[in-house]
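One structure is given below, encoded as structure tokens.
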Amino acid sequence: MHSAGSAFSPRSLRAPSAAGLKTHRHVRVCLPFSKPVRNRWEGRMQVIAAMETQLSNGPTCNNTAHGSNTINNCSSPIDSGNTEDSKTNLIVNYLPQSMTQEELKSLFGSIGEIESCKLVRDKITGQSLGYGFVNYVEPKDAEKAINTLNGLRLQTKTIKVSYARPSSASIRDANLYVSGLPKSMTQKELEQLFSQYGRIITSRILVDQVTGMSRGVGFIRFDKRIEAEEAIKGLNGQKPPAATEPITVKFANNPSQKTNQAILSQLYHSPNRRYPAPLAQQAQRFRLDNLLNMAYGVKSRFPPMTIDGMTSLAGINIPGHTGTGWCIFVYNLAPDADESILWQMFGPFGAVTNVKVIRDFNTNKCKGFGFVTMTNYDEAAMAIASLNGYRLGDRVLQVSFKTNKMHKA
DNA sequence: TCGGATT
Numbered sequence: 001m002h003s004a005g006s007a008f009s010p011r012s013l014r015a016p017s018a019a020g021l022k023t024h025r026h027v028r029v030c031l032p033f034s035k036p037v038r039n040r041w042e043g044r045m046q047v048i049a050a051m052e053t054q055l056s057n058g059p060t061c062n063n064t065a066h067g068s069n070t071i072n073n074c075s076s077p078i079d080s081g082n083t084e085d086s087k088t089n090l091i092v093n094y095l096p097q098s099m100t101q102e103e104l105k106s107l108f109g110s111i112g113e114i115e116s117c118k119l120v121r122d123k124i125t126g127q128s129l130g131y132g133f134v135n136y137v138e139p140k141d142a143e144k145a146i147n148t149l150n151g152l153r154l155q156t157k158t159i160k161v162s163y164a165r166p167s168s169a170s171i172r173d174a175n176l177y178v179s180g181l182p183k184s185m186t187q188k189e190l191e192q193l194f195s196q197y198g199r200i201i202t203s204r205i206l207v208d209q210v211t212g213m214s215r216g217v218g219f220i221r222f223d224k225r226i227e228a229e230e231a232i233k234g235l236n237g238q239k240p241p242a243a244t245e246p247i248t249v250k251f252a253n254n255p256s257q258k259t260n261q262a263i264l265s266q267l268y269h270s271p272n273r274r275y276p277a278p279l280a281q282q283a284q285r286f287r288l289d290n291l292l293n294m295a296y297g298v299k300s301r302f303p304p305m306t307i308d309g310m311t312s313l314a315g316i317n318i319p320g321h322t323g324t325g326w327c328i329f330v331y332n333l334a335p336d337a338d339e340s341i342l343w344q345m346f347g348p349f350g351a352v353t354n355v356k357v358i359r360d361f362n363t364n365k366c367k368g369f370g371f372v373t374m375t376n377y378d379e380a381a382m383a384i385a386s387l388n389g390y391r392l393g394d395r396v397l398q399v400s401f402k403t404n405k406m407h408k409a
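Each residue of the first sequence is one higher than the one before, starting from 1 at the first, in full-length UniProt numbering.
The following block contains the structure:
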């Protein structure tokens with residue numbers, strides 16, 4: 001966030017460092033004084049100022065890292081001896097979702113002449129996938145771009161600029177999703193665990209945005225797909241050293257899938273939707289109950305605009321409320337229930353952002369319950385009031401806001 | 001009978 005009247009904050013730039021890559025994350029920018037260089041900085045600042053003004057603070061979107069440097073990359077003799085790697089082609093990761101190819105070119109063009117520039121987009125939706133490629137004419141400019149733009153803060157993102165690996169089929173689908181990690185495990189320990197299977201390109205442990213604590217899940221991108229396959233064979237279901245629970249290792253979802261799902265969900269809920277869901281008419285029947293509920297003040301009990309402030313400032317717990325919406329517990333689902341039934345049941349009531357059927361790890365059958373996240377309180381309340389007691393097949397569902405208490409004896 | 005977590 002920047003103050004009014006100064007769209008550009010110098011602290012969001014990393015200063016160029018004589019030492020090179022890694023030492024200047026918190027160093028203030030010092031403007032060089034020679035005229036051509038100074039103009040470059042000014043040009044870059046204008047671009048960034050324009051972007052920071054133009055790009056609203058929207059929700060953070062998925063990015064994909066395909067680069068060539070791990071975070072604690074120590075340039076090894078093996079790497080530097082590789083003459084096949086391009087010295088002009090860069091991959092830029094963690095771009096703000098709304099940044100266009102033109103803005104990318106403008107930003108990197110302030111360093112030197114660009115041979116080509118490509119922002120990678122989702123094939124179907126055209127949405128940015130948050131990364132792109134910049135190929136310079138001169139290797140010197142590529143190096144300079146890494147030194148001056150890697151780590152640049154744009155919006156809520158810190159961009160990563162590194163040499164791109166040569167495009168190849170063998171490096172595709174080499175990204176792993178890891179869950180069940182001990183909360184105490186560090187990124188370094190995660191890399192140590194996986195490095196026995198190959199060269200790690202990127203690694204990450206996701207953290208809770210409020211507490212900063214590990215969420216026990218993360219990503220490992222290997223250089224080669226076969227390395228990732230071997231890591232799954234070797235580590236999935238295994239206990240890391242000193243861990244009490246086994247970890248799950250599988251191929252990561254494509255980040256564009258979630259975007260597509262969200263878009264489909266939005267289409268589904270658009271006012272112009274022509275074809276109602278199979279259960280919509282049945283759900284409609286319950287809206288009378290909803291009116292009664294509203295008359296009893298269900299909606300006004302938690303004025304939506306104040307919920308976030310209440311929970312964040314006072315730290316109080318409201319059943320079902322999470323940072324991203326209202327979580328609903330659905331009980332008495334059949335063993336063969338799947339996510340689509342939850343979409344069908346809850347979709348007609350409003351914005352559904354997530355559904356989940358909880359399955360047994362071994363049998364993959366539904367354990368009898370699931371969760372639905374809805375954005376708006378009143379729609380979630382309506383769904384609960386309507387669907388609690390709903391007869392699905394030969395089962396009567398129980399639907400309520402999710403609580404924290406465990407019901408196992 | 002109240003999870004998993006998808007950068």
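By construction, the Cβ of each residue, glycine as well, lies at the ideal position given by its N, Cα and C atoms.
Alpha carbon to alpha carbon, how far is residue j from residue i? Give it in angstroms, no decimals.
| i | j | result |
| --- | --- | --- |
| K371 | R221 | The sequence shown places Phe at residue 371, rather than the Lys named in the question. Those two C-alpha atoms are separated by around 30 Å. |
| Q401 | S179 | Here residue 401 turns out to be Phe, not Gln, going by the sequence shown. Taking the straight line joining both Cα atoms gives about 25 Å. |
| D360 | D336 | 11 Å |
| residue 413 | S340 | Outside the modelled stretch of the chain, which goes from 1 to 409, sits residue 413, for which no answer is possible. |
| P348 | Q398 | 18 Å |
| P240 | T363 | 24 Å |
| G216 | S386 | 35 Å |
| P139 | I247 | 42 Å |
| Q155 | L104 | 14 Å |
| D378 | A334 | 27 Å |
| N93 | K123 | 18 Å |
| D85 | S162 | 12 Å |
| G320 | S167 | 45 Å |
| Y177 | K356 | 18 Å |
| I91 | N253 | 21 Å |
| A383 | E229 | 42 Å |
| T211 | S128 | 29 Å |
| K183 | V396 | 38 Å |
| E227 | T375 | 40 Å |
| L152 | L190 | 26 Å |
| M99 | G130 | 8 Å |
| Y136 | F251 | 33 Å |
| N332 | E245 | 28 Å |
| D173 | R225 | 6 Å |
| R121 | I159 | 17 Å |
| V249 | T373 | 25 Å |
| T125 | E102 | 18 Å |
| M213 | T148 | 31 Å |
| D308 | K144 | Confidence in D308 is poor, its pLDDT being 45 and thus under 50, which makes the residue's placement unreliable; the coordinate value appears in the next sentence. Cα-Cα distance, rounded: 43 Å. |
Measuring CA to CA, which of the options is closest to residue i?
| i | options | result |
| --- | --- | --- |
| N354 | E379, G325 and E245 | G325 |
| I205 | A242, Q192, F194 and L181 | L181 |
| K118 | L95, T156, N254 and E339 | L95 |
| I114 | Y131, D141, C327 and I91 | D141 |
| C327 | L333, E103, A381 and T211 | A381 |
| S203 | F219, Q344 and Y131 | F219 |
| A242 | Y177, L193, T148 and K157 | L193 |
| A164 | Q344, K87 and T373 | K87 |
| F329 | G350, F369 and Q344 | F369 |
| I200 | I171, Q209 and S214 | I171 |
| F346 | F251, K157 and Y390 | Y390 |
| I358 | V352, L342 and S110 | L342 |
| G132 | T125, N89, S195 and T148 | N89 |
| D223 | Y197, T244, I146 and N236 | Y197 |
Going by DSSP in three states, residue i sits in which element: helix, strand or coil?
| i | result |
| --- | --- |
| R165 | coil |
| M345 | helix |
| R391 | strand |
| R153 | strand |
| I124 | coil |
| N404 | coil |
| K365 | coil |
| G109 | helix |
| E138 | coil |
| L104 | helix |
| S386 | helix |
| Q398 | strand |
| I146 | helix |
| S340 | helix |
Can you tell me whether residue i is buried or exposed, with buried defined as 16 or more other CB within 10 angstroms of its CB?
| i | result |
| --- | --- |
| T186 | exposed |
| F108 | buried |
| S76 | Low per-residue confidence applies at S76: pLDDT is 28, beneath 50, and the placement is therefore not dependable, though the value from the model is reported in the following sentence. S76 comes out exposed. |
| N175 | buried |
| S116 | exposed |
| G393 | exposed |
| Q238 | exposed |
| Q97 | buried |
| N404 | exposed |
Is residue i near the ligand ATP, judged by its Cβ being under 7 Å from some heavy atom?
| i | result |
| --- | --- |
| Y94 | The model on display carries no ligand, and the ligand ATP is accordingly not part of it. |
Run through the segment 164–239 for me and flag every whole alpha helix (DSSP H) of 4 or more residues, listed as ranges in chain order. List check, alpha helix (DSSP H) in window: 187–194 and 225–235.
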